[in-house]
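There are 2 protein chains.
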Amino acid sequence: MVVDFSLYLSETSEKVDVELERRLFSTEIPKDLERAMAHLVFPGGKRLRPVLLIAACEAAGGTQGDAIRAAAAVEFLHTYSLIHDDLPCMDNDSVRRGRPTVHIKFGEALAVLAGDALQALAFETIGGATESWAQGAVSDLALAGGGRNLVGGQADDLAMGDSDAPSAGLAGRIQSVHGRKTAALFGASASIGARCALASSQDRTRLERFGRHLGLAFQIGDDCLDRDKKESCTILRVRDERSARQLAGEHLRLAAEEITGFGSSGEALRGFIRFVAEISAK
Amino acid sequence: MVVDFSLYLSETSEKVDVELERRLFSTEIPKDLERAMAHLVFPGGKRLRPVLLIAACEAAGGTQGDAIRAAAAVEFLHTYSLIHDDLPCMDNDSVRRGRPTVHIKFGEALAVLAGDALQALAFETIGGATESWAQGAVSDLALAGGGRNLVGGQADDLAMGDSDAPSAGLAGRIQSVHGRKTAALFGASASIGARCALASSQDRTRLERFGRHLGLAFQIGDDCLDRDKKESCTILRVRDERSARQLAGEHLRLAAEEITGFGSSGEALRGFIRFVAEISAK
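One line per chain: the protein sequences are A and B, in this order.
Using the numbering used here, you'd call the opening residue of the first sequence number 306 and step up by one each time.
Using the numbering used here, you'd call the opening residue of the second sequence number 306 and step up by one each time.
Following this line, the structure appears as structure tokens:
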């Protein structure tokens, strides 16, 4: 029974950190590339995706140990996408989490290469598992991380003008980008966690949907936190904050519905719902 | 029996093209991203890596059909690496194969994203196979395409100054870059082809070594063809052309040794040796 979710999050993310370190540092990688790869991995963010993966595995009857390797893979993939998103030709951000971005510290070439190598490392990490779930997990990760989702969402995000008036069309485009850039990887994380527990396909589908709704609510909360930044792809272009928070609440309600059948093993997932609800309330 | 290798290469690469088209074009990818991804895939180069993969599969007793999916994956991975290598922050090339490079035609952001999506597509393509070889193939591809090989080789290539005098140290560094940037993916292609034929691990090791030697000889031939370009990582910095060609010949001899046991099923691989020998003789 997870009484204190923030304790669960910090304890589990520490285990994720150990696994990330173990998999990232290899004497066979050129040192400058390795440093550029590690820069945004350590210290990391909240490790929401890998911890969600682990919590989904536990909900489906697995252990943290069953999921730790796949959790590291998802975090490597997420980190690569942040490094590339920050590049001068993309969002041109020079600071992330209070530190210089990878291209500011190591130059553009090493930032591109660090992202490329982290993507390969994600697939090496997840594909190298000998368990029967590895193959499905590679497919989940590649689908969520490819042109149909993460990369396509970023392409449409960049192409989005910031002068369009609020409209149903604009709302749909913003929702579509959030679905592909954020929710798809949350959904894949939960799905892969279910695979690590050798869950039934019905349970896996429920957990995947849980992850998607959680991701959409998280993105809305993030947009509200970033309300003072000038961003073209934010829900606040088509809704006021109150209405955005209502939508986040609706996604969290739908997420909760998906996991009613998991009983006490789903407590950590319920903690995620409360955690994201708090973010959206800020 | 492959009498005419150039016919084998052209017929097999046509089949590769059909598979690449089938896997690349999906209505779910944003159209501008899809066009950027396709730009360097069609028309492609000689398709040496995917055809090598198919020839290795045939040598080990498999059919072209057993290998076609994995062949497409290797070509997607190779193409992504070319797109990123051409970027302004890397080699800053504006022309490749007589056409504008992806960032010249579509802009830097889409070039980065097209490469990212092609890498994901490579793993989606190879990981989505239901055959038992898929998992090992994902590992081979991730290892050859990651920080220890392809990406690390490119990082060291970029870091290489062009003022060092010829020395054993410089020769070793150039050889190391070629081993990781070129030979590793040739070796992985042959290894994956062997996997597609469910080859013994002994046969797979032989084919992997064959691919590596072939790749090293190919790279030397390529350096000789590019003798007039100012490049920092070329064998011609530490050998004259005659000595470089001797080294290429030595690698081709070692490659031939690896496949003596394959009999008539190895004819296409022997065609590869003749083909690369011709390149190095130009």
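Heads up, the beta-carbon is just placed ideally off N, CA and C, and yes, glycines get one too.
These numbers were taken from a predicted model, which means no experiment stands behind them.
Task: Unbroken stretches of the alpha helix (DSSP H), 4 residues or longer, contained in the segment 512-567 of chain A - done: 546-563
Open item on the list: Please classify Thr368 of chain B as buried or exposed, where buried requires at least 16 other C-beta atoms within 10 Å of its C-beta.
Closed with: Taking the first residue of the second sequence as position 1, residue 368 of chain B is located at position 63. Counting Cβ neighbours within 10 Å, Thr368 of chain B comes out exposed, since fewer than 16 surround it.
- [ ] Just tell me which of A:Ile373, A:Lys351 and A:Gly350 has its CA closest to the CA of Ala361 of chain A.
- [x] For this step, residue 361 of chain A is matched to residue 56 along the first sequence. Checked all of A:Ile373, A:Lys351 and A:Gly350; the closest Cα to Ala361 of chain A is A:Ile373.
Task: Rounded distance between the beta-carbons of Ala442 of chain B and Ile431 of chain B, thought under 8 Å - done: Position 126 of the second sequence, counted from the start, is the residue given in the question as residue 431 of chain B. Position 137 of the second sequence, counted from the start, is the residue given in the question as residue 442 of chain B. Indeed, because the Cβ distance is near 5 Å, the residues count as touching under 8 Å.
Task: Neighbouring residues, chain A, relative to Pro335 of chain B (Cβ below 7 Å) - done: Walking along the second sequence from the start, residue 335 of chain B turns up at place 30. Ordered by position in chain A, the residues that pass the 7 Å Cβ test against Pro335 of chain B are Gly457, Ala460 and Asp461.
Task: CB-CB length for Ile479 of chain A against Cys538 of chain A, believed under 8 Å - done: Position 174 of the first sequence, counting from 1, holds the residue named residue 479 of chain A. Position 233 of the first sequence, counting from 1, holds the residue named residue 538 of chain A. Indeed, because the Cβ distance is near 6 Å, the residues count as touching under 8 Å.
Open item on the list: Rounded to whole angstroms, what is the Cα-Cα separation between Ala573 of chain B and Gly526 of chain B?
Closed with: Residue mapping note: residue 573 of chain B aligns to position 268 of the second sequence, counting from 1. Residue mapping note: residue 526 of chain B aligns to position 221 of the second sequence, counting from 1. If you take the alpha carbons of Ala573 of chain B and Gly526 of chain B, they lie about 20 Å apart.
Open item on the list: Using a Cβ-Cβ distance cut-off of 8 Å, determine whether Gln328 of chain A contacts chain B.
Closed with: Taking the first sequence and counting its residues from 1, one reaches residue 328 of chain A at position 23. Reading off the sequence shown, one finds Arg at residue 328 of chain A, where the question assumed Gln. False, the Cβ-Cβ gap to chain B never drops below 8 Å.
- [ ] Tell me, please, whether the CB atom of Leu529 of chain A is closer than 8 Å to any CB atom in chain B?
- [x] Reading the first sequence from its first residue, position 224 is the one you call residue 529 of chain A. Here residue 529 of chain A turns out to be Cys, not Leu, going by the sequence shown. No, no contact with chain B.
Open item on the list: Please classify Leu455 of chain A as buried or exposed, where buried requires at least 16 neighbouring CB atoms within 10 angstroms.
Closed with: Stepping through the first sequence from its first residue, residue 455 of chain A is reached at position 150. Buried: at least 16 other Cβ atoms inside 10 Å.
Task: Three or more C-beta pairs below 8 Å linking the segment 327-343 of chain B and the segment 469-485 of chain B - done: no
Open item on the list: Assuming Asp445 of chain A is part of the alpha helix (DSSP H), what are its boundary residues?
Closed with: Indexing the first sequence from 1 puts residue 445 of chain A at position 140. Run containing Asp445 of chain A: Ala439 to Gly450, per the alpha helix (DSSP H) assignment.
TODO: Could you run through the segment 391-424 of chain A and flag, in chain order, every residue whose CB is less than 9 Å away from some CB of chain B?
DONE: Leu392, Pro393, Cys394, Met395, His408, Gly412, Glu413, Ala414, Leu415, Ala416, Val417, Leu418, Ala419, Gly420, Asp421, Ala422, Leu423 and Gln424
Open item on the list: Can you confirm whether His344 of chain A, when its beta carbon is compared against all beta carbons of chain B, has any partner nearer than 8 Å?
Closed with: Position 39 of the first sequence, counted from the first residue, corresponds to residue 344 of chain A. No, His344 of chain A lies away from the interface with chain B (no Cβ there is under 8 Å from its Cβ).
Task: Under the three-state DSSP convention, the category Val400 of chain A falls into - done: Taking the first sequence and counting its residues from 1, one reaches residue 400 of chain A at position 95. Residue state, collapsed to three classes: strand.
Open item on the list: If you reduce the DSSP assignment to three classes, tell me which class Pro405 of chain B lands in.
Closed with: Taking the first residue of the second sequence as position 1, residue 405 of chain B is located at position 100. Pro405 of chain B: strand per DSSP, three-state reduction.
Open item on the list: For Met395 of chain A, which residues in the same chain have their Cβ closer than 8 Å to its Cβ, ignoring the five residues on either side in sequence?
Closed with: Indexing the first sequence from 1 puts residue 395 of chain A at position 90. Taken in chain order, the residues that qualify are His389, Gln459 and Leu463.
Task: Gly566 of chain A versus Leu512 of chain A - alpha carbon distance - done: Residue numbering aside, residue 566 of chain A sits at position 261 when the first sequence is read from its first letter. Residue numbering aside, residue 512 of chain A sits at position 207 when the first sequence is read from its first letter. Cα to Cα, the separation comes out at about 11 Å.
- [ ] Closer than 8 Å by C-beta to Glu546 of chain B: which residues in its own chain qualify, once you throw out the five before and the five after it? Chain order, please.
- [x] Taking the first residue of the second sequence as 1, we reach residue 546 of chain B at position 241. Answer for Glu546 of chain B: Cys529 and Arg532, listed in chain order.
Open item on the list: Along the chain, where does the alpha helix (DSSP H) containing Thr332 of chain A start, and where does it finish?
Closed with: Within the first sequence, numbered from 1, the residue matching residue 332 of chain A stands at position 27. Segment: none, Thr332 of chain A is in no alpha helix (DSSP H) and carries neither H nor E.
- [ ] Using a cut-off of 7 Å between C-beta atoms, extract the partners of Val443 of chain A located in chain B.
- [x] Your numbering for residue 443 of chain A matches position 138 in the first sequence. Neighbours of Val443 of chain A on chain B, chain order: Phe428, Gly432 and Val443.
TODO: Compare the Cα-Cα distances from Phe310 of chain B to each of B:Glu436, B:Gly412, B:Gly571 and B:Ile564 and report the closest residue.
DONE: Along the second sequence, read from residue 1 onward, the residue named residue 310 of chain B stands at position 5. It is B:Gly571 whose Cα lies nearest to the Cα of Phe310 of chain B.
Open item on the list: If I measure Cβ to Cβ from Ser331 of chain B and keep anything under 6 Å in the same chain, skipping five residues before and after, which residues do I get?
Closed with: In the second sequence, residue 331 of chain B corresponds to position 26, counting from 1. None.
Task: Own chain residues within Cβ distance below 8 Å of Asp445 of chain A, not counting five before or after - done: Counting from one through the first sequence, the residue named residue 445 of chain A turns up at place 140. Closer than 8 Å at Cβ, skipping near neighbours: Ala493, Ser496, Ile497 and Arg500.
TODO: Report the residue ranges of all alpha helix (DSSP H) runs contained in full by the segment 453-477 of chain A; include only those spanning at least 4 residues, in chain order.
DONE: 455-464
- [ ] Counting only the same chain and skipping the five closest in sequence on each side, list residues whose C-beta sits under 8 Å from that of Glu339 of chain A.
- [x] The residue labelled residue 339 of chain A in the question sits at position 34 within the first sequence. These residues qualify, in order along the chain: Leu329, Phe330 and Ser331.
Open item on the list: Check for me: the alpha helix (DSSP H) holding Ala302 of chain A runs from which residue to which?
Closed with: Because chain A here runs from 306 to 587, residue 302 of chain A falls outside it and cannot be looked at.
- [ ] Starting from Pro355 of chain A, follow the alpha helix (DSSP H) in both directions and report where the run begins and ends.
- [x] As a working mapping, residue 355 of chain A is identified with position 50 in the first sequence. Start and end: Leu353 to Ala364.
Task: Same chain only: Cβ atoms within 7 Å of Glu267 of chain B, ignoring 5 sequence neighbours per side - done: This structure cannot speak to residue 267 of chain B, because chain B is shown only from 306 to 587.
Task: Collapsed DSSP secondary structure at Glu324 of chain B in the structure displayed - done: Locating residue 324 of chain B in the second sequence gives position 19, counting from the first residue. Correct three-state label for Glu324 of chain B: helix.
Task: Alpha-carbon to alpha-carbon, Val379 of chain A and Ala522 of chain A - done: Along the first sequence, read from residue 1 onward, the residue named residue 522 of chain A stands at position 217. Along the first sequence, read from residue 1 onward, the residue named residue 379 of chain A stands at position 74. Taking the straight line from one Cα to the other gives about 19 Å.
Open item on the list: Does any residue of chain B have a CB that is nearer than 8 Å to the CB of Leu448 of chain A?
Closed with: As a working mapping, residue 448 of chain A is identified with position 143 in the first sequence. Output row for Leu448 of chain A: interface = yes.
Open item on the list: Determine, for Gln440 of chain B, whether the minimum Cβ-Cβ distance to residues of chain A falls below 8 Å.
Closed with: One-based indexing of the second sequence puts residue 440 of chain B at position 135. Gln440 of chain B counts as touching chain A.
Open item on the list: Is Gly451 of chain A close to chain B? Criterion is C-beta to C-beta, closer than 8 Å.
Closed with: Taking the first residue of the first sequence as position 1, residue 451 of chain A is located at position 146. So yes, Gly451 of chain A belongs to the interface.
Task: Of the listed residues A:Ala364, A:Ala439 and A:Gln440, nearest to Ser569 of chain A (C-alpha basis) - done: Mapped onto the first sequence, residue 569 of chain A falls at position 264. Cα-wise, what sits closest to Ser569 of chain A is A:Ala364.
- [ ] Measure the alpha-carbon distance for His518 of chain B versus Glu563 of chain B and round it to whole angstroms.
- [x] In the second sequence, the residue the question calls residue 518 of chain B occupies position 213. In the second sequence, the residue the question calls residue 563 of chain B occupies position 258. If you take the alpha carbons of His518 of chain B and Glu563 of chain B, they lie about 10 Å apart.
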